[in-house]
Amino acid sequence: MNELLSLLCFPQKWENGILHFNIVLIPRNLNPLQPWQNNEPAFVDGNIVFAAKLIPSLDGLPVTTAGNISKIADLKNPPVEIRAAWEALRAQFEQADGIVVDDTETANKRAPQPGSMKPIRKYLPLSYRKAFNFVKPRTKYALTGDEYQCAIKNKPSEADISTDRKKIAWGKLVAYSLR
158 MNELLSLLCF PQKWENGILH FNIVLIPRNL NPLQPWQNNE PAFVDGNIVF
208 AAKLIPSLDG LPVTTAGNIS KIADLKNPPV EIRAAWEALR AQFEQADGIV
258 VDDTETANKR APQPGSMKPI RKYLPLSYRK AFNFVKPRTK YALTGDEYQC
308 AIKNKPSEAD ISTDRKKIAW GKLVAYSLR
């Protein structure tokens with residue numbers, strides 16, 4: 158799954174039966190000024206509506222079906238000039254630091270590709286195998302041979318590829334501005 162947005166929720170106070178919280182919604186390494194896929198409006202031009210659900214207790218992990226009170230959240234201070242704020246942020250980086258904000262979507266090249274994750278395996282040492290009547294591993298993730306050692310020795314080096322230091326992706330621009 159490719160997440161396009163990050164949602165951060167910061168509870169502020171509980172007053173007269175009303176929960177007050179701040180919400181930060183940020184696009185993930187996408188240009189917020191350009192339209193998204195499937196002719197959807199740009200992030201800055203979108204009409205975003207939030208619904209809040211309260212769960213009855215913290216005895217277990219929250220699930221979407223456990224919410225018993227659902228309400229459309231009332232935004233007390235909705236953002237007004239979203240496009241102008243994002244354009245000003247971009248202009249400040251480009252003018253003050255001489256860094257060009259790259260408009261192309263850039264994927265993290267070091268992030269694992271979907272379906273390429275290798276399972277974690279466990280080497281069963283000889284001392285473990287001699288401790289009882291060991292015949293063979295019960296799972297395919299347990300190893301008794303040297304294939305585990307070969308995987309460590311043949312690891313490709315991850316040298317830092319020289320990058321253009323005068324360009325910055327939108328994701329890094331957002332990260333720098335939130336620091």
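Residue numbering for the sequence shown follows our numbering, beginning at 158 and increasing consecutively. Cβ atoms here follow ideal geometry from the backbone N, Cα and C, with glycine treated the same way. As the structure is a prediction and not an experimental result, all values here were calculated from the model.
Thinking just about the alpha-carbon of each residue, which of the options is nearest to the one in residue i?
i	options	result
K210	Y333, C166, I256	C166
K233	V258, Q249, V206, P213	V206
P235	I212, V201, T261	V201
Q252	L164, N188, K323	K323
A303	V292, S214, L283	It should be noted that the sequence gives Asp, not Ala, for residue 303. Considering only alpha carbons, the answer is L283.
T261	A208, A242, W193, L335	W193
D231	T296, Q249, I212, F178	F178
Output yes or no for whether 8 Å exceeds the beta carbon distance between residue i and residue j.
i	j	result
E244	L190	yes
I183	L162	yes
R185	G328	yes
L300	Y280	yes
R258	L330	It is Val, not Arg, that sits at residue 258 in the sequence shown. Yes, these two residues count as a Cβ contact at 8 Å.
For residue i, is the classification buried or exposed, using 16 other Cβ atoms within 10 angstroms of its Cβ as the cut-off for buried?
i	result
L176	exposed
N196	exposed
I277	exposed
R247	buried
N173	exposed
I325	buried
N290	exposed
N204	exposed
L218	exposed
Where do the ends of the beta strand (DSSP E) carrying residue i lie?
i	result
F250	Segment 239-253 is the alpha helix (DSSP H) holding F250; no beta strand (DSSP E) there.
L161	No beta strand (DSSP E) holds L161; DSSP gives it neither H nor E.
V181	175-184
L211	208-211
Would you say the beta carbon of residue i is closer than 7 Å to some non-hydrogen atom of the ligand NAD?
i	result
N195	The model on display carries no ligand, and the ligand NAD is accordingly not part of it.
What are the boundary residues of the alpha helix (DSSP H) that includes residue i?
i	result
V331	327-335
K287	283-287
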